[in-house]
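Colleague: In case it helps, this note's numbering puts the sequence shown at residues 33 to 276. Glycine residues also receive a C-beta, built at the ideal position from the N, C-alpha and C atoms. Sharing a structure here in structure tokens format.
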Amino acid sequence: MTEAAHPPVPTFVHHRSRLTEGQQHAWDRWWPERGRDVGDILSGAEPYDPPAWFGRRAPLVLEIGSGMGESTAAMAAAAPDVDHIAVEVYEPGLAQLLMRLADTGVTNVALLRGDAVALLRERVPPASLGGIRIFFPDPWPKRRHRKRRLVQRDFVALAASRLEPGGFLHLATDWDDYATQMRAVCDAEPALVNTGAGEAGGWTPRPDWRPVTKFEQRARIEGRTVRDLMYRTRHADAPRDDGT
Ligand SMILES: C[S@@+](CC[C@H](N)C(=O)[O-])C[C@H]1O[C@@H](n2cnc3c(N)ncnc32)[C@H](O)[C@@H]1O
33 MTEAAHPPVP TFVHHRSRLT EGQQHAWDRW WPERGRDVGD ILSGAEPYDP PAWFGRRAPL
93 VLEIGSGMGE STAAMAAAAP DVDHIAVEVY EPGLAQLLMR LADTGVTNVA LLRGDAVALL
153 RERVPPASLG GIRIFFPDPW PKRRHRKRRL VQRDFVALAA SRLEPGGFLH LATDWDDYAT
213 QMRAVCDAEP ALVNTGAGEA GGWTPRPDWR PVTKFEQRAR IEGRTVRDLM YRTRHADAPR
273 DDGT
């Protein structure tokens, strides 16, 4: 069956949520300048054009599900030479990120509202991203919802194809079985290498720079272990483990 006849299940549920007064203010002030709709990019009404958005050509890191933007704002401030694309469907989160960016004067973030999977598949050119970050993707813990999980075999192949040689895929989750699933599908992707393979259990140490978001905080309170995974795409000329 073709993809068009059988579109993949969305990885999110779109809740229509009201913006707070501060978020609405930030939205009205900054969204026209810094925000774009994935729908417009998919329809062709708006080009996918990071050099035009940022006014320069710099390494690009795309974050899927930036939530309330804590990590995005911190990472962008810490890496001013890197341009960051935050893709999120949850408007109050995007508005909160706009507030953070305005407060801190950080300019190297573009915000996209909509489905990051469709964007990656249809508009992000192959081998064009220096990195992809996915922190605490929705865990969809019920068995019948597992198909909604973002990090699955086809998605990982798509993500790897959009990374430059040597580009990274950084994942974090606090759900044991999702962490195991991430490991399995990423280890099985021939284009990726686990850079934490030499670490305890093959997990990458939690980076100090990542702020503790409400999702990570809840995991700690409820006693779940947070696991990070870091993969890199093989350099075209690097030998593969199997010698090919
Ligand atoms: C559990 S939250 C984690 C947010 C943030 N990364 C953090 O660590 O606090 C997952 C977020 O991913 C977003 N999301 C899920 N699927 C998405 C998709 N396909 N495209 C864009 N955002 C998505 C959801 O709206 C939600 O805000």
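(1) Return yes when the Cβ of Leu130 is within less than 8 Å of the Cβ of Arg66, no when it is not.
(2) Tell me which residue opens and which closes the alpha helix (DSSP H) that Glu65 is part of.
(3) Measure from the alpha carbon of Trp207 to the alpha carbon of each residue in Arg165, Asp115, Arg250, then state which is nearest.
(4) Helix, strand or coil: how does DSSP classify Leu74 here?
(5) Going by DSSP, what residues sit across from Tyr263 in a beta bridge?
(6) Go to Gly255, then tell me how far its beta strand (DSSP E) extends in each direction, as first and last residue.
(7) Please confirm whether any heavy atom of ligand 1 lies closer than 7 Å to the CB of Leu182.
(8) Could you check the C-alpha separation between Leu143 and Ile73 for me, to the nearest Å?
(9) Who pairs with Phe167 in a beta bridge, going by DSSP?
(10) Can you list, in chain order, the residues of its chain whose CB lies under 7 Å from that of Gln184, leaving out five sequence neighbours each side?
(11) Quick check: does the Cβ of Tyr80 come within less than 7 Å of any heavy atom belonging to ligand 1?
(12) Looking at C-beta atoms only, is the number of pairs between the region 131-139 and the region 149-162 that lie closer than 8 Å three or more?
(13) Under 7 Å: does the beta carbon of Ser193 sit that close to some heavy atom of ligand 1?
(14) Pairing CB atoms from the region 235-252 with CB atoms from the region 77-92, are three or more of them under 8 Å?
(15) Return helix, strand or coil for Gly101, following the three-state DSSP convention.
(16) Taking just the CA atoms, how far does Gln55 sit from Asp274?
(17) Please indicate yes or no: does the CB of Ala148 lie closer than 7 Å to some heavy atom of ligand 1?
(18) Answer with buried or exposed for Asp209, where buried requires no fewer than 16 other C-beta atoms within 10 angstroms of its C-beta.
Modeller: With the given structure in hand:
(1) The residue given as residue 66 occupies position 34 in the sequence shown. The residue given as residue 130 occupies position 98 in the sequence shown. Yes; because the gap between Cβ atoms is below 8 Å, this pair is in contact.
(2) One-based indexing of the sequence shown puts residue 65 at position 33. Where Glu65 is concerned, the enclosing alpha helix (DSSP H) stretches over 53-66.
(3) Looking up residue 207 in the sequence shown gives position 175. The residue with the shortest Cα to Cα distance from Trp207 is Arg250.
(4) The residue you call residue 74 lines up with position 42 of the sequence shown. Helix at Leu74.
(5) Here residue 263 refers to the residue found at position 231 when the sequence shown is read from its first residue. DSSP output for Tyr263 lists Leu201, Asn226 as bridge partner(s).
(6) For this step, residue 255 is matched to residue 223 along the sequence shown. It is not in any beta strand (DSSP E) - Gly255 carries neither H nor E in the DSSP assignment.
(7) On the sequence shown, position 150 is the one that residue 182 refers to. Yes.
(8) Within the sequence shown, the letter at position 111 stands for residue 143. Within the sequence shown, the letter at position 41 stands for residue 73. When rounded, the distance between both Cα atoms is 12 Å.
(9) Along the sequence shown, read from residue 1 onward, the residue named residue 167 stands at position 135. According to DSSP, Phe167 bridges with Ala204.
(10) Stepping through the sequence shown from its first residue, residue 184 is reached at position 152. Counting only Cβ-Cβ distances below 7 Å, and skipping sequence neighbours, we find Val217.
(11) Within the sequence shown, numbered from 1, the residue matching residue 80 stands at position 48. No, the beta carbon of Tyr80 sits no closer than 7 Å to any heavy atom of ligand 1.
(12) no
(13) Counting from 1 along the sequence shown, the entry for residue 193 is found at position 161. Not so, every heavy atom of ligand 1 lies at least 7 Å from the Cβ.
(14) no
(15) Here the question's residue 101 lines up with position 69 in the sequence shown. In the structure shown, Gly101 sits in coil (DSSP, three-state: anything other than H, G, I, E or B).
(16) Counting from 1 along the sequence shown, the entry for residue 274 is found at position 242. Counting from 1 along the sequence shown, the entry for residue 55 is found at position 23. Residue placement at Asp274 is poorly supported in this model, since its pLDDT is 48, which falls under 50; the coordinates still yield a value, given next. Rounded to the nearest angstrom, the two C-alpha atoms are 51 Å apart.
(17) Your numbering for residue 148 matches position 116 in the sequence shown. Flag set: Cβ of Ala148 near ligand 1.
(18) Here the question's residue 209 lines up with position 177 in the sequence shown. That one is exposed.
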